[in-house]
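Below is one structure, written out as structure tokens, with a few remarks after it.
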Amino acid sequence: MRSRAPARWVARAVSVALGDRRSRRLAVVVAGLYLLVYLIALGDLVIWAGTGSSRFVRVPSVEVAADWPAQLLAQRAPFAYEPVLAIHPVDHVTVFVAPADLGMGLLLGALAGLNVGVALLATRTGRACGVRGAAGWRGAAGLLGALPALAGGVTCCVPTLALAVGTQLAGALLAVGGYLFPVALLATALLLVWNAHRLARAGPAAASGSALG
Numbered sequence: 036m037r038s039r040a041p042a043r044w045v046a047r048a049v050s051v052a053l054g055d056r057r058s059r060r061l062a063v064v065v066a067g068l069y070l071l072v073y074l075i076a077l078g079d080l081v082i083w084a085g086t087g088s089s090r091f092v093r094v095p096s097v098e099v100a101a102d103w104p105a106q107l108l109a110q111r112a113p114f115a116y117e118p119v120l121a122i123h124p125v126d127h128v129t130v131f132v133a134p135a136d137l138g139m140g141l142l143l144g145a146l147a148g149l150n151v152g153v154a155l156l157a158t159r160t161g162r163a164c165g166v167r168g169a170a171g172w173r174g175a176a177g178l179l180g181a182l183p184a185l186a187g188g189v190t191c192c193v194p195t196l197a198l199a200v201g202t203q204l205a206g207a208l209l210a211v212g213g214y215l216f217p218v219a220l221l222a223t224a225l226l227l228v229w230n231a232h233r234l235a236r237a238g239p240a241a242a243s244g245s246a247l248g
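Residues 36 to 248 in the numbering used here are what the sequence shown spells out, letter by letter.
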């Protein structure tokens, strides 16, 4: 029965956090911002200043890769995939759509947003119930739960970083880069379980939301 406890904590915490307006809004904002940063880090969202190549592209327009079925799972770097669409919505902005990249970004963004939303709810509930001693540092630590997910977005940037720091570190960075996404996924999932456990220990007020105002 205890093996099912983490699943119950997470399910209950997510339900309560999404039912609380402030936590839900914060989770959505964090998830959206994370997805934006993730796509920029991978190079799937490109914003440039000046004319650049925008004068050669009709706006708005969509380009489809000729061999897009073969590109769906084609990797250009560890946990970074080839785009099948290029969308030019406005001048100076291009969105390269790689379904696998988008799915991974949404997954990590959702985990990051839920971490922050559940951590905020647990901290507010603990304070409302008079649990003040460790609520401060635990709340701050919980809000940092989104940070491990950021590592997953820099995988594609490792070769560029290697050029910047020199060839001696290139091999090490490339070796580590392939593990950033799974490590970020595991770390963020574990932190969500921890934040859900904090919320479960905060008391009955978390379930009803009556102490959250």
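We put the CB at the ideal spot given by N, CA and C, even for glycine. Predicted model only: the values in this text are computed from it and were never measured.
I need the DSSP call for residue i, collapsed to helix, strand or coil.
i, result
"Phe131", "strand"
"Ala121", "strand"
"Val153", "helix"
"Val94", "coil"
"Ala237", "coil"
"Val107", "For clarity, residue 107 is Leu in the given sequence; the question names Val instead. Note: Leu107 maps to coil in three-state DSSP."
"Asp126", "coil"
Let's test the definition: count the other Cβ atoms within 10 Å of the Cβ of residue i and tell me whether it reaches 16, buried, or not, exposed.
i, result
"Trp229", "buried"
"Trp44", "buried"
"Asp126", "exposed"
"Leu71", "exposed"
"Val119", "buried"
"Gly144", "buried"
"Val99", "exposed"
"Phe91", "exposed"
"Ser58", "buried"
"Asp79", "buried"
"Arg93", "exposed"
"Ala84", "exposed"
Per DSSP, which one or two residues make a beta bridge with residue i?
i, result
"Val218", "Its beta-bridge partners do not exist; DSSP assigns none."
"Val99", "Leu120"
"Ala147", "None; Ala147 has no bridge partner."
"Ala115", "Ala112"
For the beta strand (DSSP E) that residue i lies in, which residues bound it at each end?
i, result
"Arg111", "Gln110 to Ala112"
"Leu80", "Leu80 to Ile82"
For the alpha helix (DSSP H) that contains residue i, what are its first and last residues?
i, result
"Leu53", "Ala40 to Gly54"
Below 8 Å, is the gap between the Cβ of residue i and the nearest heavy atom of the ligand HEM?
i, result
"Leu226", "The model depicted lacks the ligand HEM and carries no ligand whatsoever."
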